[in-house]
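Visitor: If you scroll down you'll find the structure; I have some questions about it.
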Amino acid sequence: MAAQPSISTLNRWANPPSDLETLEQWQPNPGTVAATADQLVWHHPFTQYLLRDPIYNASRPHLKIPAEMRAQNLTGGTLVGEDMIPSPPLTFVTDDGSELVSFTYVGPSLCGHPGIVHGGLLATLLDEGLARCCFPALPNKVGVTASLKIDYRAPTKAGQVVVLRAWTTKVEGRKAWVKGRLETLSDPDKWTEAWESGEFAQRGGVGKDGGAVVLVEAEALFVEPKGAANMPKLYAPTGDGSRVKVTADGHVHGTVDSTGSGSK
1 MAAQPSISTL NRWANPPSDL ETLEQWQPNP GTVAATADQL VWHHPFTQYL LRDPIYNASR
61 PHLKIPAEMR AQNLTGGTLV GEDMIPSPPL TFVTDDGSEL VSFTYVGPSL CGHPGIVHGG
121 LLATLLDEGL ARCCFPALPN KVGVTASLKI DYRAPTKAGQ VVVLRAWTTK VEGRKAWVKG
181 RLETLSDPDK WTEAWESGEF AQRGGVGKDG GAVVLVEAEA LFVEPKGAAN MPKLYAPTGD
241 GSRVKVTADG HVHGTVDSTG SGSK
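So for the sequence shown, the UniProt record's numbering puts the first residue at 1; every next one is plus one.
Structure below.
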């Protein structure tokens, strides 16, 4: 039987770290798969675009879960490891819950068929990603999955970074409808070419995205449970992840805004 969380753990659950704090507290060990994947993601032109656009808040949502409770979380604990999910997914979400982009490395121990990531794991990533997309749009910033439709478009090879993109299409009271997809991380040069030519799928559009391959598509309905007003706002954006600076070695810092008052 699992031990009951301590008072200090419950306090951390009720008062999670800010978006910026989740970025600053994660530093992978040099020479690891996590470090290599993080370098690839942080310096990709897509990530640089998201960092420049102030409508997006960057964070690592799994790090808002208290460390003592993360071991019981599937994607934040159970499946964390060098050959599984070596680093907490880097996520960008808008304040209004209209759009989300997330980067996740999927390792070789997540396979169903040899070399191919298990479809159930991909469905889990989409379930969580689409939910986090719409949470800010719900009255109390939290919801549960009412339905999830998955269409697999191409095999997802292990040992790569996959990109999850999601868009909230409708919100009615405690209900939110979301569409999304998993795709490959495009070649940096091809991404830049697509952006410069206007072929990039910007803010909900569908474009070539620099040769990114669509792997899985999904549609979901999320419903805010009754009593949500009393639940921790674990995944609600705090706003300070919209202006960050990433050094060449992947370290993250808050930046000073135009008023000189510090991180947003």
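For each residue, glycine too, the CB sits at the ideal point set by N, CA and C.
By DSSP, does V142 sit in helix, in strand, or in coil?
Guide: coil
Visitor: Which residue marks the beginning of the alpha helix (DSSP H) containing R132, and which one marks its end?
Guide: G119 to C134
Visitor: Reducing DSSP to helix, strand and coil, say where N57 ends up.
Guide: strand
Visitor: Could you name the residues of the same chain whose beta carbon sits closer than 6 Å to that of D151, not counting the 5 residues immediately before and after it, in chain order?
Guide: E217
Visitor: Under 8 Å Cβ to Cβ from N73, same chain only, skipping five residues before and after it: list those, please.
Guide: H62 and I65
Visitor: Can you give me the Cβ contacts of A212 inside the same chain, cut-off strictly under 6 Å, excluding the 5 residues immediately before and after it?
Guide: Correct list, in chain order: E183, T184 and S186.
Visitor: Between which two residues does the beta strand (DSSP E) containing W191 stretch?
Guide: Segment P188 to E196 is the alpha helix (DSSP H) holding W191; no beta strand (DSSP E) there.
Visitor: Could you give the first and the last residue of the continuous alpha helix (DSSP H) run that contains F46?
Guide: P45 to R52
Visitor: Out of R181, L110 and V142, which has the shortest C-alpha to C-alpha gap to V229?
Guide: The sequence given here places Ala at residue 229; Val does not occur at that position. Ranking R181, L110 and V142 by Cα distance to A229 puts V142 first.
Visitor: Going along the chain, which residues of its own chain have a beta-carbon closer than 6 Å to the beta-carbon of K190, five neighbours each way excluded?
Guide: Cβ within range, chain order: G210 and G211.
Visitor: Can you list, in chain order, the residues of its chain whose CB lies under 8 Å from that of M1, leaving out five sequence neighbours each side?
Guide: Note that M1 scores a pLDDT of 47, beneath 50, so its modelled location is shaky and nothing firm can be said.
Visitor: What first and last residue would you give for the alpha helix (DSSP H) that runs through L74?
Guide: No alpha helix (DSSP H) contains L74, which DSSP labels as neither H nor E.
Visitor: For A67, tell me which candidate among V106, P30, W26 and E196 has the shortest Cα-Cα distance.
Guide: W26
Visitor: Taking the beta carbon of G227 as the centre, do at least 16 other beta carbons fall within 10 Å, making it buried, or is it exposed?
Guide: exposed
Visitor: Quick check: the Cα distance between N57 and W195, rounded to an integer number of angstroms?
Guide: 21 Å
Visitor: Is it true that the CB of V41 sits closer than 9 Å to the CB of F103?
Guide: yes
Visitor: Helix, strand or coil: how does DSSP classify Q160 here?
Guide: strand
Visitor: Return yes when the Cβ of P86 is within less than 9 Å of the Cβ of L164, no when it is not.
Guide: Result no, Cβ atoms of L164 and P86 do not sit closer than 9 Å.
Visitor: Taking just the CA atoms, how far does T75 sit from L125?
Guide: 8 Å
Visitor: From V214 to R181, what distance separates their C-alpha atoms?
Guide: 7 Å
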